[in-house]
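Student: Under our numbering, the residues of the sequence shown are numbered 11 to 324, in order.
Take a look at this one; I'll ask things after.
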Amino acid sequence: MKVHKSLTKIFNKIGKKKFLVFSSIIFFILLLNLSIYGYSSPDQDPDEDCHDSGPYDISSDEDDEIEVDRDESFKIDIEGTGPDVIVRFNTESLDNAQFEVEPSNQDIADNSEFDDNDDDDIVEVEFELTAPTEKGTYEILFYVRSPPGNPSGQPYIDYLEFEIIVEEASDDTIVDNTIFNTIFNHYNIYLGLSAIICLSIGTVLAEINYRRFNRSHAIFTALALILTTVNLVFMFWHAVSVFGSWFFSSTVDWLHFTHYITGTLGFGGCIVGFLGGLSGVHHKKAGYLALACWGFNFVFGIIYWGIGLGVFGP
């Protein structure tokens with residue numbers, strides 16, 4: 011009871027407006043922290059401490075450093091072992107997106123179409139890759155994992171990295187290429203976070219004093235809508251590819267599906283709120299819906315993107 015009274019006094023002393031601003035700052039700090047340290051799969055942050063390999067192993071007869079020409083086609087044979095082992099090349103891992111690869115972005119299960127080994131619990135896959143047209147040094151990653159349903163909640167994972175040197179790039183080119191890839195391979199995260207920040211600032215200003223900060227609220231809300239629209243345009247063909255793979259394989263990645271649904275709801279809420287603002291009507295609920303959906307998607311995407319916890323399906 012005393013604690014409750016003390017907290018009430020502190021809240022009244024700080025004031026509702028200052029409390030909202032202070033809470034928003036803490037929220038942004040947590041989001042930034044999650045964006046840096048929150049990965050739980052090797053798709054973005056391969057780390058031996060992230061997942062236990064258990065009885066699963068990945069290997070290749072290829073050297074871990076491969077030299078190729080620009081736009082050259084080459085092959086890498088991967089072998090994965092373990093109970094019902096799954097082999098995968100994910101375009102979201104490291105520099106994987108810079109290469110054209112077949113097969114890619116699909117789980118290659120034991121005795122499936124691309125498995126060249128007839129024995130159980132052994133998957134051998136010949137990956138055909140095409141190097142980027144820009145010279146430089148790239149890092150690509152393959153991994154094996156256990157099937158869904160691991161009682162621990164996390165899949166067993168083992169991974170293998172290769173350094174691909176395209177036309178023996180100089181040190182300067184390597185540095186420039188690394189910086190370029192780091193920036194543009196994660197544009198969706200930057201755009202998404204920027205949209206959330208803009209919408210959050212607009213929401214806080216509206217809560218403090220809507221009449222006084224009406225113009226600023228409109229500007230930040232419009233920026234959030236523009237940034238998200240740009241993000242959607244850039245991601246459109248990737249989404250089409252994902253939906254196409256679901257259609258032809260008759261399987262659905264519920265992780266991605268949830269991400270798409272909540273993102274669409276948030277985008278719709280932002281449009282309703284923005285159009286309402288233009289007509290002079292303050293749609294609070296629509297703005298909160300957009301902020302909640304986008305905030306959830308950002309944290310959800312950062313932590314569980316790629317294979318996630320391995321409990322949402324293959």
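Yeah, the Cβ is synthetic: ideal placement off N, Cα and C, and Gly gets one too.
Please confirm whether residue 136 and residue 87 have their CB atoms less than 9 Å apart.
Tutor: Position 126 of the sequence shown holds residue 136. Position 77 of the sequence shown holds residue 87. Contact flag set, yes.
Student: Taking 8 Å as the cut-off, does the region 139-158 touch the region 100-115 (at least 3 CB pairs, one atom from each stretch)?
Tutor: Yes, since at least three Cβ pairs between the region 100-115 and the region 139-158 fall closer than 8 Å, the two stretches touch.
Student: Tell me the rounded alpha-carbon separation between residue 265 and residue 279.
Tutor: For the purposes of this step, residue 265 is taken as residue 255 along the sequence shown, with counting starting at 1. For the purposes of this step, residue 279 is taken as residue 269 along the sequence shown, with counting starting at 1. Taking the straight line from one Cα to the other gives about 22 Å.
Student: So what's residue 80 in DSSP terms, helix, strand or just coil?
Tutor: Counting from 1 along the sequence shown, the entry for residue 80 is found at position 70. Note: residue 80 maps to coil in three-state DSSP.
Student: Just tell me which of 214, 206, 292, 235 has its CA closest to the CA of residue 307.
Tutor: Position 297 of the sequence shown, counted from the start, is the residue given in the question as residue 307. It is 206 whose Cα lies nearest to the Cα of residue 307.
Student: Kindly indicate which three-state DSSP category residue 56 falls into: helix, strand or coil?
Tutor: Taking the first residue of the sequence shown as 1, we reach residue 56 at position 46. The predicted model places residue 56 with a pLDDT of 45, which falls under 50 and marks its position as unreliable; any figure quoted below should be read in that light. The answer is coil: DSSP assigns residue 56 none of H, G, I, E or B.
Student: Kindly identify the DSSP beta-bridge partner or partners of residue 119.
Tutor: Against the sequence shown, residue 119 aligns to sequence position 109. DSSP lists 96 as partners of residue 119.
Student: For the region 59-74 and the region 114-130, state whether three or more C-beta atom pairs, one from each stretch, are separated by less than 8 Å.
Tutor: Segments in contact, no.
Student: Would DSSP call residue 69 helix, strand or coil?
Tutor: In the sequence shown, counting from the first residue as 1, residue 69 sits at position 59. In this structure, residue 69 counts as strand in the three-state DSSP scheme.
Student: Excluding the five sequence neighbours on either side, which residues of its own chain have a C-beta within less than 8 Å of the C-beta of residue 184, listed in chain order?
Tutor: In the sequence shown, the residue the question calls residue 184 occupies position 174. Bear in mind that the predicted position of residue 184 carries a pLDDT of just 47, short of 50, making it unreliable; the figure below should be weighed with that in mind. Result list for residue 184: 146, 147, in chain order.
Student: Thinking C-beta only, is residue 294 closer than 9 Å to residue 216?
Tutor: Working through the sequence shown from its first residue, we reach residue 216 at position 206. Working through the sequence shown from its first residue, we reach residue 294 at position 284. For residue 216 and residue 294, yes; Cβs fall inside 9 Å.
Student: With DSSP run on the structure shown, which of helix, strand or coil describes residue 85?
Tutor: Taking the first residue of the sequence shown as 1, we reach residue 85 at position 75. DSSP places residue 85 in strand when its eight states are reduced to three.
Student: Residue 112 and residue 125: beta carbons closer than 9 Å?
Tutor: Position 102 of the sequence shown holds residue 112. Position 115 of the sequence shown holds residue 125. No; because the gap between Cβ atoms is not below 9 Å, this pair is not in contact.
Student: Taking the alpha-carbon positions, what's the residue 65 to residue 168 distance?
Tutor: As a working note, residue 65 is residue 55 in the sequence shown. As a working note, residue 168 is residue 158 in the sequence shown. The alpha-carbon atoms of residue 65 and residue 168 are separated by roughly 9 Å.
Student: Quick check on this structure: which residue in 79, 127, 106 has the alpha carbon closest to the alpha carbon of residue 94?
Tutor: Against the sequence shown, residue 94 aligns to sequence position 84. Checking every option, the nearest Cα to that of residue 94 belongs to 127.
Student: Report yes if the C-beta distance between residue 80 and residue 144 is below 9 Å; otherwise report no.
Tutor: To locate residue 80, count along the sequence shown from 1; it is residue 70. To locate residue 144, count along the sequence shown from 1; it is residue 134. Yes, these two residues count as a Cβ contact at 9 Å.
Student: Could you check where the beta strand (DSSP E) with residue 135 kicks off and where it finishes?
Tutor: On the sequence shown, position 125 is the one that residue 135 refers to. From DSSP, the beta strand (DSSP E) with residue 135 extends over 132-140.
Student: Excluding five sequence neighbours on each side, which residues of the same chain lie with their C-beta closer than 7 Å to the C-beta of residue 269?
Tutor: Position 259 of the sequence shown, counted from the first residue, corresponds to residue 269. Around residue 269: 307, 310, 311.
Student: Just verifying my parser: in three-state terms, what is the DSSP assignment at residue 166?
Tutor: Here residue 166 is taken as the residue at index 156 of the sequence shown, counted from 1. Residue state, collapsed to three classes: coil.
Student: How about residue 76 and residue 172: are their beta carbons less than 9 Å apart?
Tutor: Counted from its first residue, the sequence shown places residue 76 at position 66. Counted from its first residue, the sequence shown places residue 172 at position 162. Result yes, Cβ atoms of residue 76 and residue 172 sit closer than 9 Å.
Student: Among 204, 297, 201, 142, which residue has its Cα nearest to the Cα of residue 175?
Tutor: Against the sequence shown, residue 175 aligns to sequence position 165. That would be 142, whose Cα lies nearest to the Cα of residue 175.
Student: According to DSSP, simplified to helix, strand and coil, what is residue 91?
Tutor: As a first step, residue 91 must be located in the sequence shown, where it is residue number 81. Strand, per DSSP.
Student: With distance defined between alpha-carbon atoms, name the residue in 284, 242, 218 nearest to residue 228.
Tutor: By 1-based counting over the sequence shown, the position of residue 228 is 218. It is 284.
Student: In whole angstroms, give me the CA-to-CA distance for residue 180 and residue 84.
Tutor: Mapped onto the sequence shown, residue 180 falls at position 170. Mapped onto the sequence shown, residue 84 falls at position 74. Because the pLDDT at residue 180 is just 47, under 50, the model does not fix this residue reliably, and the value given afterwards should be weighed accordingly. Cα-Cα distance, rounded: 22 Å.
Student: When the Cα atoms are used, what is the spatial distance from residue 238 to residue 110?
Tutor: The residue labelled residue 238 in the question sits at position 228 within the sequence shown. The residue labelled residue 110 in the question sits at position 100 within the sequence shown. Taking the straight line from one Cα to the other gives about 27 Å.
Student: Out of 92, 273, 249, point me to the one whose CA is closest to residue 166's CA.
Tutor: Walking along the sequence shown from the start, residue 166 turns up at place 156. Of the candidates 92, 273, 249, the one whose C-alpha sits nearest the C-alpha of residue 166 is 92.
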